[in-house]
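Participant: Before I ask anything, here is the structure I am working with.
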Amino acid sequence: VEDLYRPYKPKRRTRATIAKEKGLEPLADAIFAQTLKMDAPEVLAQAYIDPEKGVETIEDALAGASDILAERISDDAEVRKSLRTLMNRRGTARSAAAKDEEDDKTAVYRQYFEFSQPISRLQSHQVLALNRGEREGALKVSLSVDRDEALQCIRRGVVKPGSPAMEFIKSVCDDSYDRLLEPSMERELRTALTDMANEQAIHNFALNLRPLLMQPPVKGAVTMGLDPGYSHGCKVAVVDETGKVLDTTVVYPTFGEKQKQDAIAKLSQLIKKDNVRHLAIGNGTASRETEAMAVEMIHKLGGGVSYMIVNEAGASVYSASKLAAEEFPQYDVNLRSAVSIARRLQDPLAELVKIDPKAIGVGQYQHDMPEKELDAALGGVVEACVNAVGVDLNTASAPLLKQVAGLNATTAKNIVAYREENGAFTSRAQIKKVPKLGPKAFEQCAGFLRVPESKQVLDRTGVHPESYDAAKKLAELLDIDLKNAGKPEMANLPDKLRAYGAEKAAAECGVGVPTLQDIVKELVKPGRDPRDELPAPILRTDVLELKDLKPGMVLSGTVRNVIDFGVFVDIGVHQDGLVHISQVSNKFIKHPSEVVSVGDVVKVAVLDVDQKRGRISLTMKGAK
1001 VEDLYRPYKP
1011 KRRTRATIAK
1021 EKGLEPLADA
1031 IFAQTLKMDA
1041 PEVLAQAYID
1051 PEKGVETIED
1061 ALAGASDILA
1071 ERISDDAEVR
1081 KSLRTLMNRR
1091 GTARSAAAKD
1101 EEDDKTAVYR
1111 QYFEFSQPIS
1121 RLQSHQVLAL
1131 NRGEREGALK
1141 VSLSVDRDEA
1151 LQCIRRGVVK
1161 PGSPAMEFIK
1171 SVCDDSYDRL
1181 LEPSMERELR
1191 TALTDMANEQ
1201 AIHNFALNLR
1211 PLLMQPPVKG
1221 AVTMGLDPGY
1231 SHGCKVAVVD
1241 ETGKVLDTTV
1251 VYPTFGEKQK
1261 QDAIAKLSQL
1271 IKKDNVRHLA
1281 IGNGTASRET
1291 EAMAVEMIHK
1301 LGGGVSYMIV
1311 NEAGASVYSA
1321 SKLAAEEFPQ
1331 YDVNLRSAVS
1341 IARRLQDPLA
1351 ELVKIDPKAI
1361 GVGQYQHDMP
1371 EKELDAALGG
1381 VVEACVNAVG
1391 VDLNTASAPL
1401 LKQVAGLNAT
1411 TAKNIVAYRE
1421 ENGAFTSRAQ
1431 IKKVPKLGPK
1441 AFEQCAGFLR
1451 VPESKQVLDR
1461 TGVHPESYDA
1471 AKKLAELLDI
1481 DLKNAGKPEM
1491 ANLPDKLRAY
1501 GAEKAAAECG
1511 VGVPTLQDIV
1521 KELVKPGRDP
1531 RDELPAPILR
1541 TDVLELKDLK
1551 PGMVLSGTVR
1561 NVIDFGVFVD
1571 IGVHQDGLVH
1581 ISQVSNKFIK
1591 HPSEVVSVGD
1601 VVKVAVLDVD
1611 QKRGRISLTM
1621 KGAK
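Residue 1624 is where the sequence shown ends in our numbering, and the numbering goes up by one at each step.
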């Protein structure tokens, strides 16, 4: 459509428009007709010499006609289509260093200093890397196709053999390609490749975000969050099983051996006082030293405590936010991030929803992507995760409630305000009293809200109020007591339904078979959390160093990021190892996401360790 509309688009003043103003369009038309018996272009041009219009010679007239025809060819939809196809199939992307001397900023693009790749095989991460390198002045990037092939492609659709104007039209084709078509098609193709790469990168980001949000929570234990740092020390927060802050402090384990021992003594006291079971250590600055201190402390305590390195991406963004200030007005910004890190171990979803998904950092080049499209994709993932898990109406924060279908920032705040003013909700129906929460919003959100304190047993499940009558009818048909939901007596409910006949029961209950099966699942395991079915996070009690790694060593690790060319795995050495896509599976895969997701616990074998560059090469092939 763009190609068809192109000739009619308003144009700025070009060489062709200037030639038309000089009255040379009829000459261009006569030449372009390319009839076998026409006069030579030089003969036709004589009639258009007009010094008053600036056409002094035959050459001036032919130059003007050439400019008009070059633009006409450039605007021809069929020419552009065939050239576009040629560039996509046979074109090459090239990049080179923009500067003679390499510096720290340009060094990251070293692999693209002499880069050449067929456009048809260009990966989305390569497109984004080339774009960024060019934008930062590190690279010169070009897309090109063999000039002779391109000219042949254009001439095939334009030149009529045997005409006296044939050589003239060939030269016009050359000019049209060199001056207009090549730069235009390159820009168009760069835009198309960037759009495709952005789309793929957004897809990958969303793909990585879901398992990160759906990481299994480490429930039911007092947790100490450690936000490592050098000059400002290591910020510490202890939270109880529900995430309520019990204690905060700051220690300085990186200031020397004495300060480290003081830190161990201070934290050991807190661990004993508050009965801490888990340590959540942020993976940022000074994380390595903090982990070493934690391991030494665990050994001195004689065990009983385990730790996990937690991705602290976005914790500083949250701690400095208005939301964090409202939640913890009494705490310093730095201590808030320690609370966030502790809670991320206890319930990653509830904590991560407070942060802009873009700040979590599990994408490729996320800061280069179109913000509107990225926000829409990630927002959809967050909402889907929250709805899949369900929300406790009496403990959920406003940011968590906001992500429930049918609710928004205003109604979420109103629910929290109503809860604070009137006490805990005792039924789902009670939320109808919340200001600005209408019947439509209730219809959308009710099925995702749980009220564990409700006397109505179905309020504690994922069964929607609209299906309560169906659940009661099912109980009547199968002779069960709804009060036994979640108890051992309900375990054989699927068998009972199968014996009775699912379709028959669904018809009698007035719902579809899938809805009835969902009701049965909820009665067997009320408020089931899909995260509980995933492998538990790896909690450690000892530390590995990069120098401890040897080729062939098999380790358990947690997938931290999945990108086009491979998988980054945390194996507990402060430097995530890379499993290249070729080492992910024994069978051919187009993308690592076909095999693994962020948060997966996987077995990997060490292939190679480059201590100088801090790089670890891993394989998942045959790692048992």
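Positions of the beta carbon are idealized from the N, C-alpha and C atoms, including for glycine.
For residue 1585 versus residue 1595, is the C-beta distance shorter than 8 Å?
Facilitator: One-based indexing of the sequence shown puts residue 1585 at position 585. One-based indexing of the sequence shown puts residue 1595 at position 595. Yes, they are a contact pair.
Participant: Which partner residues does residue 1618 have in the DSSP bridge list?
Facilitator: The sequence position of residue 1618 within the sequence shown is 618, counting from 1. Beta-bridge pairing links residue 1618 to 1579, 1606.
Participant: Tell whether a beta-carbon distance below 8 Å holds between residue 1355 and residue 1317.
Facilitator: Translated into the one-based positions of the sequence shown, residue 1355 becomes position 355. Translated into the one-based positions of the sequence shown, residue 1317 becomes position 317. A contact, by the Cβ cut-off of 8 Å.
Participant: Which word fits residue 1425, buried or exposed, when buried means at least 16 other C-beta atoms lie within 10 angstroms of its C-beta?
Facilitator: Along the sequence shown, read from residue 1 onward, the residue named residue 1425 stands at position 425. Residue 1425 should be labelled buried.
Participant: Whole angstroms are fine: how far does the CA of residue 1151 sit from the CA of residue 1157?
Facilitator: Here residue 1157 refers to the residue found at position 157 of the sequence shown. Here residue 1151 refers to the residue found at position 151 of the sequence shown. Answer to the nearest angstrom: the Cα atoms are 10 Å apart.
Participant: How would you call residue 1108, buried or exposed, if buried means at least 16 neighbouring beta carbons within 10 angstroms?
Facilitator: To locate residue 1108, count along the sequence shown from 1; it is residue 108. Burial call: exposed.
Participant: Can you tell me where the beta strand (DSSP E) with residue 1114 in it begins and where it stops?
Facilitator: The sequence position of residue 1114 within the sequence shown is 114, counting from 1. Per DSSP, residue 1114 belongs to the beta strand (DSSP E) from 1114–1118.
Participant: Can you tell me which of the three DSSP states residue 1224 falls into?
Facilitator: In the sequence shown, residue 1224 corresponds to position 224, counting from 1. Residue 1224: strand per DSSP, three-state reduction.
Participant: If you measure between the beta carbons of residue 1391 and residue 1448, is that distance less than 8 Å?
Facilitator: Taking the sequence shown and counting its residues from 1, the one referred to as residue 1391 is at position 391. Taking the sequence shown and counting its residues from 1, the one referred to as residue 1448 is at position 448. Cβ atoms of residue 1391 and residue 1448: closer than 8 Å.
Participant: Relative to the C-alpha of residue 1571, which residue among 1600, 1190, 1049 is closest?
Facilitator: Along the sequence shown, read from residue 1 onward, the residue named residue 1571 stands at position 571. Out of 1600, 1190, 1049, 1600 has the C-alpha closest to the C-alpha of residue 1571.
Participant: Answer yes or no: do residue 1378 and residue 1565 have a C-beta to C-beta separation smaller than 8 Å?
Facilitator: What you label residue 1378 is simply residue 378 of the sequence shown in a count that begins at 1. What you label residue 1565 is simply residue 565 of the sequence shown in a count that begins at 1. No, Cβ-Cβ distance for residue 1378 and residue 1565 is not below 8 Å.
Participant: From the DSSP output, in three-state form, read off residue 1094 for me.
Facilitator: Residue numbering aside, residue 1094 sits at position 94 when the sequence shown is read from its first letter. If DSSP states are grouped into helix, strand and coil, residue 1094 belongs with the strands.
Participant: Quick check: the Cα distance between residue 1509 and residue 1473, rounded to an integer number of angstroms?
Facilitator: Taking the first residue of the sequence shown as position 1, residue 1509 is located at position 509. Taking the first residue of the sequence shown as position 1, residue 1473 is located at position 473. Looking at the two C-alpha atoms, the distance is approximately 6 Å.
Participant: Given that a residue counts as buried once 16 or more other Cβ atoms are within 10 Å of its Cβ, and exposed if not, what is residue 1439?
Facilitator: As a working mapping, residue 1439 is identified with position 439 in the sequence shown. It counts as exposed.
Participant: Quick one, which of 1591, 1098, 1451 has its alpha-carbon nearest residue 1419's?
Facilitator: To locate residue 1419, count along the sequence shown from 1; it is residue 419. The option with the nearest alpha carbon to residue 1419 is 1451.
Participant: Report the residue from 1164, 1111, 1189 whose alpha carbon sits nearest the alpha carbon of residue 1087.
Facilitator: For the purposes of this step, residue 1087 is taken as the residue at position 87 of the sequence shown. Nearest option by C-alpha distance: 1189.
Participant: Which residue wins for smallest C-alpha separation from residue 1345, given the options 1297, 1411, 1537?
Facilitator: Indexing the sequence shown from 1 puts residue 1345 at position 345. Of 1297, 1411, 1537, the residue nearest in Cα terms is 1537.
Participant: Does the beta-carbon of residue 1447, which I'm using as the reference point, lie nearer than 7 Å to any heavy atom of the ligand NAD?
Facilitator: Summarising the ligand content, the structure contains no ligands, and the ligand NAD is consequently not present.
Participant: Among the residues of its own chain, which have a CB less than 7 Å from the CB of residue 1297, if the five just before and after it don't count?
Facilitator: If you number the sequence shown from 1, residue 1297 lands on position 297. The answer, listed in chain order, is 1264, 1267, 1268.
Participant: Measuring CA to CA, which of 1055, 1015, 1106, 1100 is closest to residue 1070?
Facilitator: Here residue 1070 corresponds to residue number 70 of the sequence shown, with the count starting at 1. Of the listed residues, the one whose Cα sits closest to residue 1070 is 1015.
Participant: Using 10 angstroms around the beta-carbon of residue 1032, count the other beta-carbons present and answer buried if the total reaches 16, otherwise exposed.
Facilitator: For this step, residue 1032 is matched to residue 32 along the sequence shown. It is buried - the Cβ of residue 1032 has at least 16 other Cβ atoms within 10 Å.
Participant: If you pair each beta-carbon of the stretch 1195–1209 with each one of the stretch 1113–1129, do three or more pairs fall below 8 Å?
Facilitator: Segments in contact, yes.
Participant: Going by CA-CA distance only, name the one from 1464, 1613, 1073, 1098 that's closest to residue 966.
Facilitator: Since the displayed the chain opens at 1001 and closes at 1624, residue 966 lies outside it and no answer follows.
Participant: Say whether chain D places a C-beta atom closer than 8 Å to the C-beta of residue 1525.
Facilitator: The question asks about chain D, but that chain is absent: this structure has only one protein chain.
Participant: Which residues share a DSSP beta bridge with residue 1142?
Facilitator: Counted from its first residue, the sequence shown places residue 1142 at position 142. Residue 1142 is bridged to 1094.
Participant: Just to check my reading of the structure: residue 1326 and residue 1340 have Cβ atoms closer than 8 Å, yes? What is that Cβ distance to the nearest angstrom?
Facilitator: As a working mapping, residue 1326 is identified with position 326 in the sequence shown. As a working mapping, residue 1340 is identified with position 340 in the sequence shown. So it is not a contact: roughly 14 Å between Cβ atoms.
Participant: Whose C-beta lies closer than 7 Å to the C-beta of residue 1068 among residues of the same chain, with five residues either side of it excluded?
Facilitator: Taking the first residue of the sequence shown as 1, we reach residue 1068 at position 68. Closer than 7 Å at the Cβ level, and outside the excluded window around residue 1068, lie 1016, 1019, 1020, 1024, 1025, 1028.
Participant: Just curious, the alpha helix (DSSP H) that residue 1518 is in, first and last residue?
Facilitator: To locate residue 1518, count along the sequence shown from 1; it is residue 518. Run containing residue 1518: 1513–1524, per the alpha helix (DSSP H) assignment.
Participant: Starting from the C-beta of residue 1401, find all residues in its chain whose C-beta is less than 6 Å away, skip the five residues before and the five after it, and write them out in chain order.
Facilitator: The count along the sequence shown starts at 1 and reaches residue 1401 at position 401. The residues are 1407, 1412, 1415.
Participant: Are residue 1145 and residue 1084 touching if we call contact CB-CB under 8 Å?
Facilitator: The sequence position of residue 1145 within the sequence shown is 145, counting from 1. The sequence position of residue 1084 within the sequence shown is 84, counting from 1. In this structure, residue 1084 does not lie closer than 8 Å to residue 1145 by Cβ.
Participant: Closer than 8 Å is the cut-off here; do at least three beta carbon pairs connect the stretch 1546–1558 with the stretch 1502–1517?
Facilitator: They do not touch, by the three-pair rule.
Participant: In angstroms, rounded to a whole number, what distance separates the CA positions of residue 1220 and residue 1453?
Facilitator: Along the sequence shown, one-based indexing puts residue 1220 at 220. Along the sequence shown, one-based indexing puts residue 1453 at 453. Distance between the alpha carbons of residue 1220 and residue 1453: 19 Å.
Participant: Just tell me which of 1445, 1469, 1444 has its CA closest to the CA of residue 1456.
Facilitator: Taking the sequence shown and counting its residues from 1, the one referred to as residue 1456 is at position 456. When only C-alpha atoms are compared, the closest one is 1469.
Participant: Can you tell me whether residue 1020 is helix, strand or coil according to DSSP?
Facilitator: Counted from its first residue, the sequence shown places residue 1020 at position 20. Reduced to three states, the DSSP call for residue 1020 is helix.
Participant: Does residue 1463 pass the burial test, meaning 16 or more other C-beta atoms within 10 Å, or should it be called exposed?
Facilitator: Within the sequence shown, numbered from 1, the residue matching residue 1463 stands at position 463. Result: buried.
Participant: Leaving out the 5 sequence neighbours to the left and right, which residues in its chain are closer than 7 Å to residue 1293 when beta-carbon positions are compared?
Facilitator: Here residue 1293 refers to the residue found at position 293 of the sequence shown. Counting only Cβ-Cβ distances below 7 Å, and skipping sequence neighbours, we find 1253, 1260, 1263, 1264.
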